[in-house]
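2 protein chains.
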Amino acid sequence: MNRHDPSGVLKTTAASLALVDHILELEGATMGELVEATDLAKSTVHAHLKTLAEYGYVVNVDNEYHLGAKFCHLGDYVRTRKDYYRVAQETVSWLDSESSMDADFAVEEHGRIVSLYGDLEFANSPRFLIDGSPFHVHTTCSGKAIIAEYPETRVREIIDRWGLPAATDDSITTEEELFAELATVREQGYAENSSEAVEGFWAIGKAVKSPRGEVYGSLNLSGPAYVIDEETRATQVELLERAAERFEQGVAELYRTQADEANEA
Amino acid sequence: MNRHDPSGVLKTTAASLALVDHILELEGATMGELVEATDLAKSTVHAHLKTLAEYGYVVNVDNEYHLGAKFCHLGDYVRTRKDYYRVAQETVSWLDSESSMDADFAVEEHGRIVSLYGDLEFANSPRFLIDGSPFHVHTTCSGKAIIAEYPETRVREIIDRWGLPAATDDSITTEEELFAELATVREQGYAENSSEAVEGFWAIGKAVKSPRGEVYGSLNLSGPAYVIDEETRATQVELLERAAERFEQGVAELYRTQADEANEA
DNA sequence: GCAGTCGGTTCCGGACAGTCGAACGTTTAT
DNA sequence: ATAAACGTTCGACTGTCCGGAACCGACTGC
Numbered sequence: 001m002n003r004h005d006p007s008g009v010l011k012t013t014a015a016s017l018a019l020v021d022h023i024l025e026l027e028g029a030t031m032g033e034l035v036e037a038t039d040l041a042k043s044t045v046h047a048h049l050k051t052l053a054e055y056g057y058v059v060n061v062d063n064e065y066h067l068g069a070k071f072c073h074l075g076d077y078v079r080t081r082k083d084y085y086r087v088a089q090e091t092v093s094w095l096d097s098e099s100s101m102d103a104d105f106a107v108e109e110h111g112r113i114v115s116l117y118g119d120l121e122f123a124n125s126p127r128f129l130i131d132g133s134p135f136h137v138h139t140t141c142s143g144k145a146i147i148a149e150y151p152e153t154r155v156r157e158i159i160d161r162w163g164l165p166a167a168t169d170d171s172i173t174t175e176e177e178l179f180a181e182l183a184t185v186r187e188q189g190y191a192e193n194s195s196e197a198v199e200g201f202w203a204i205g206k207a208v209k210s211p212r213g214e215v216y217g218s219l220n221l222s223g224p225a226y227v228i229d230e231e232t233r234a235t236q237v238e239l240l241e242r243a244a245e246r247f248e249q250g251v252a253e254l255y256r257t258q259a260d261e262a263n264e265a
Numbered sequence: 001m002n003r004h005d006p007s008g009v010l011k012t013t014a015a016s017l018a019l020v021d022h023i024l025e026l027e028g029a030t031m032g033e034l035v036e037a038t039d040l041a042k043s044t045v046h047a048h049l050k051t052l053a054e055y056g057y058v059v060n061v062d063n064e065y066h067l068g069a070k071f072c073h074l075g076d077y078v079r080t081r082k083d084y085y086r087v088a089q090e091t092v093s094w095l096d097s098e099s100s101m102d103a104d105f106a107v108e109e110h111g112r113i114v115s116l117y118g119d120l121e122f123a124n125s126p127r128f129l130i131d132g133s134p135f136h137v138h139t140t141c142s143g144k145a146i147i148a149e150y151p152e153t154r155v156r157e158i159i160d161r162w163g164l165p166a167a168t169d170d171s172i173t174t175e176e177e178l179f180a181e182l183a184t185v186r187e188q189g190y191a192e193n194s195s196e197a198v199e200g201f202w203a204i205g206k207a208v209k210s211p212r213g214e215v216y217g218s219l220n221l222s223g224p225a226y227v228i229d230e231e232t233r234a235t236q237v238e239l240l241e242r243a244a245e246r247f248e249q250g251v252a253e254l255y256r257t258q259a260d261e262a263n264e265a
């Protein structure tokens, strides 16, 4: 695990959460495997698992521990908490139906990229994650599109914390490459990825922002690389840009109606 | 919180997880509110939050702590982990498009009901949850449909642990009522709910099982009660039954292809 | 049938680490 | 300017988490 500054974190809670990460990585694990993976005593692992199970975060089926459905519940809550979630959801499904590729909407949090709306299998698949967390910002077009809008200091904080590990042979691995890429993204208005996150996959992403310039996240299109020629590329980029406009207009409208309701009261 | 047997659970981890529940209940909370809610020292709460934040489970925006996007990531993983998830997803979207009501698919875990596929806002909305967990089995038609298939001992275990608290004036609150209701469910093949979970809402649910009789979960239709007359009622029930068949056939087919692939290897 | 393995569970003593309270720097509101 | 609230740090006490060993049950295969 790649934790940067363990000062002040509670070791017990951290051990419990690390177990969750291990179960995720192993895609379900037996107690022996967890003892192996964590270097803890069996009784200790047992206590942690019992606690996690008590709260619904872990279930035991057929002598294997798995993550519990509570994560679905809490995940849905997180999704619907954002006031723009309906707009994002609608935009993604529009983009998905118009395009021949897979659409999704992703956000940056704690320097990592999480897909909020889109095909379940695509973005958050367990196969693609590195440690407990999903994609790094520098390997995904979503990440590049988003941090291209950030001030340099914030970008440096993120790469200080997580580094620039390669996901494929085509991944960006140096600061110079990354900052050059971000300049390109700013110039052309969207980010592009060819096999940088997943071998054989091509993707484009565009950041969406509030009128005040805050970045909400990134709209993305992705699919197998072999279908991409110049013509389809151009149409996909145009679709993406129209979707971004759609989203930003939708959010602006949302805020207008919210302000109206506030005035009525 | 309604924890039944706290022996053997790690108090530190439990305190951290309880904080997550509190943040959920308060729909985002400031540190002061969390100190108030937990009766812990400010520095203690701080340590827990820092640990949770380190692992991405909590974020701080504008002096308010919220649940992190990691829950979305893990939730999606849990959803896709089940081998029948594609079938369930497809069935729900079919049912949703055919019906005039909202469709979803829910499972029972640790004696509570969680909606896995369906409209985000409907089933897992923070407004509807009691404590950290979502619906009780006895207030939802999904729950009743599922536990109607369980042996009596298992049903008793669940009500021993969680009790039979009322969600509305129409909720079931006694064991006799519940077991009578479960007999009715078994007889007619589906469960029905009128304002028992949410005031003014009507819903029906049907359990889906494997050929060996294991319960996967429950397919459900729900919507406002005022649209329901005898005719629409009959059509919705028929739709639900067709959907259940669709699901079980889809899963059977899935197992057949899995077996074929195993034979090839 | 029995021996061996693996998972789940319990118990206890010692050492580690979580808890508390107080204090300080900062920001926001009155 | 004052107050209040949040975030953060520090050190000392004490509670509790950790490890080890042992036991039970289920399953496996000689």
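Those sequence lines, one after another, are chains A and B.
By UniProt numbering, the letter at position 93 of the first sequence is numbered 93, and the numbering carries on one by one without gaps.
By UniProt numbering, the letter at position 192 of the second sequence is numbered 192, and the numbering carries on one by one without gaps.
Quick reminder that beta carbons are idealized off the backbone N, C-alpha and C, glycines included.
- Chain-ordered, the chain A residues with CB closer than 8 Å to the CB of B:Ala14 read Thr51, Glu54 and Tyr55.
- Against chain B, the CB of A:Cys141 has no partner CB under 7 Å away; the residue lies outside that interface.
- Listed along the chain, the chain A residues whose CB falls inside 8 Å of the CB of B:Leu74 are Val20, Leu24, Leu67, Phe71 and Gly75.
- Residue-level contact check: A:Pro134 touches chain B, since one or more beta carbons of chain B fall below 7 Å from its beta carbon.
- One thing to note: B:Glu196 has its Cβ no nearer than 7 Å to the Cβ of B:Asp169.
- DSSP places A:Leu221 in the uninterrupted beta strand (DSSP E) bounded by Val215 to Pro224.
- With a threshold of 16 other beta carbon atoms within 10 Å, A:Glu187 falls short and is exposed.
- For the 7 Å CB-CB criterion, B:Leu116 and B:Arg81 do not form a contact.
- Residue contact with chain A for B:Arg79: present (Cβ-Cβ distance below 7 Å to some residue of chain A).
- Using a Cβ-Cβ distance cut-off of 8 Å, the segment 36-50 of chain A and the segment 4-23 of chain A are in contact, since at least three pairs of beta carbons, one from each stretch, lie closer than that value.
- In the structure shown, A:Arg81 falls within a helical segment according to DSSP collapsed to helix, strand and coil.
- In the structure shown, B:Ile158 adopts helical secondary structure according to DSSP, grouped into three states.
- Under the 8 Å Cβ criterion, the segment 97-110 of chain B does not count as touching the segment 142-154 of chain A, having fewer than three qualifying pairs.
- Looking only at B:Ala53, B:Asp76 and B:His73, the smallest Cα-Cα distance to B:His66 is reached by B:Ala53.
- In the DSSP assignment, B:Phe201 forms a beta bridge with B:Pro224.
- The continuous alpha helix (DSSP H) containing A:Gly143 extends over residues Cys141 to Ile147.
- Counting along the chain, B:Ala166 sits inside no beta strand (DSSP E), nor does DSSP assign it H or E at all.
- Interface residue (Cβ-Cβ distance to chain A less than 7 Å): B:Glu90 is not classified as such.
- Chain-order list of chain A residues neighbouring B:His138: empty, with the shortest C-beta distance near 18 Å, by a criterion of under 8 Å.
- Taking a Cβ-Cβ cut-off of 9 Å, the neighbours of B:Glu109 in chain A comprise Gly56, Val59, Gly68, Ala69 and Lys70, given in sequence order.
- Residue pairing by DSSP places A:Arg112 opposite A:Glu109 and A:His136 in a beta bridge.
- Taking 7 Å as the CB threshold, B:Val215 stays off the interface with chain A.
- With a cut-off of 8 Å on Cβ pairs, the segment 81-98 of chain A is in contact with the segment 245-258 of chain A, counting three or more such pairs.
- For A:Ala14, no beta strand (DSSP E) encloses it; the enclosing alpha helix (DSSP H) starts and ends at Lys11 to Leu26.
- Using a CB distance cut-off of 7 Å, A:Val9 counts as an interface residue toward chain B.
- A:Ser99 carries a coil assignment under DSSP once its states are collapsed to helix, strand and coil.
- Around the beta carbon of A:Ser142, 16 or more other beta carbons lie within 10 angstroms, which makes this residue buried.
- Take A:Ala244, set aside five residues on each side of it, and the residues of its chain with a beta-carbon closer than 6 Å to its own are Lys206, Val208 and Leu219, in chain order.
- By the neighbour-count criterion, in which a residue is buried when 16 or more other Cβ atoms sit within 10 angstroms of its Cβ, A:Gln258 is exposed.
- Taking all protein chains in view, the Cβ of B:Gln249 is surrounded by fewer than 16 other Cβ atoms within 10 Å, so the residue is classified as exposed.
- Looking at the DSSP output, A:Asn60 bridges to A:Tyr65.
- About 6 Å separates the beta carbons of B:Leu221 and B:Ala103, which is inside the 8 Å limit, making them a contact pair.
- With respect to the C-alpha of A:Thr235, the residue from A:Gly163, A:Asp160 and A:Ser100 having the closest C-alpha is A:Ser100.
- A:Tyr117 sits in a strand when the DSSP states are folded into three classes.
- With fewer than 16 other CB atoms across the displayed protein chains lying within 10 angstroms of its CB, B:Arg212 is exposed.
- Counting only the Cα atoms, B:Thr91 lies some 38 Å from A:Ile147.
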